[in-house]
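Chains as they are written, first to last, in this note's numbering: chain L, 1 to 112; chain W, 113 to 223.
A short write-up of the structure that comes next.
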Amino acid sequence: DVKVTQSSRYLVKRTGEKVFLECVQDMDHENMFWYRQDPGLGLRLIYFSYDVKMKEKGDIPEGYSVSREKKERFSLILESASTNQTSMYLCASRPTGFYGYTFGSGTRLTVV
Amino acid sequence: QQQVKQSPQSLIVQKGGISIINCAYENTAFDYFPWYQQFPGKGPALLIAIRPDVSEKKEGRFTISFNKSAKQFSLHIMDSQPGDSATYFCAARSNDYKLSFGAGTTVTVRA
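What follows is the structure in structure tokens.
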């Protein structure tokens with residue numbers, strides 16, 4: 001069964017900390033995405049990557065960066081966490097030319 | 113600003129009833145319209161999808177109706193079951209292969 005694995009289900013971090021959210025997929029997909037999910041706002045795209053070492057800004061990239069050094073791993077980085085980044089973060093992957101995304105189970109981040 | 117507007121925010125339906133969720137969009141470049149289902153503690157999972165050259169698609173108890181001229185599409189859940197209780201997201205794919213999601217609808221099916 002194909003899988004997208006997010007390393008942490010729950011994280012609590014302090015304001016100003018540098019935070020790393022990790023995502024690994026075992027499907028050899030070229031495309032990977034980071035979304036944040038907030039009540040009433042749905043899923044909003046933060047960053048995505050079409051290939052190793054490639055990254056593109058999504059709709060809400062401010063305060064975030066990403067890293068993709070290997071095809072299977074896509075990391076989301078909060079350079080200096082703030083309370084308004086408290087959210088559910090979802091990673092997804094998709095093979096090139098295919099429509100469907102496979103999502104991970106999410107990381108619920110609380111910044112205090 | 114949300115590119116895909118979804119309503120209602122939540123709905124409650126009796127077991128055996130019909131759940132209807134509506135979505136609207138403005139971008140005529142969207143070329144693929146999936147629906148995702150999300151259970152608590154899980155990521156969204158693809159439920160059903162439609163292309164704009166088709167007006168209706170049915171998979172089991174789930175049906176998408178698509179109105180290209182009105183730029184609207186909807187999900188109908190027939191004979192709703194308690195196991196259908198979940199959050200449903202509509203989405204639309206742009207020509208750069210990114211998905212834009214609606215705000216989500218929480219469906220509660222009462223036994």
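Quick reminder that beta carbons are idealized off the backbone N, C-alpha and C, glycines included.
### Message
Which residues of the region 74-94 of chain L have a Cβ closer than 9 angstroms to any Cβ of chain W? Give them in chain order.
### Response
Leu90, Cys91, Ala92, Arg94
| Going along the chain, which residues of the region 176-194 of chain W sit with their C-beta nearer than 7 angstroms to a C-beta in chain L? | none
- Report the neighbours of Pro156(W) on chain L: residues whose CB is nearer than 7 angstroms to its CB, in chain order. Phe103
Item checked: DSSP-derived helix/strand/coil call for Pro120(W) -> coil
| said: Let's test the definition: count the other Cβ atoms within 10 Å of the Cβ of Gly40(L) and tell me whether it reaches 16, buried, or not, exposed. | reply: exposed
Within chain W, the residues that Tyr10(L) reaches when beta carbons sit closer than 9 angstroms: Under the 9 angstroms cutoff, chain W gives no residues; its nearest Cβ is about 11 angstroms from Tyr10(L).
TODO: Counting only the same chain and skipping the five closest in sequence on each side, list residues whose C-beta sits under 6 angstroms from that of Phe145(W).
DONE: Ile162, Phe185, Ala204.
* Proximity test, Cβ basis, 8 angstroms: Thr45(L) and chain W -> Per the sequence shown, residue 45(L) should be read as Leu rather than Thr. By this cut-off, Leu45(L) is an interface position.
Check: Considering Asn207(W), what are the terminal residues of the beta strand (DSSP E) in which it resides?
Finding: Asn207(W) -> no beta strand (DSSP E), and no H or E assigned at all.
Which residues share a DSSP beta bridge with Gly42(L)? Asp38(L)
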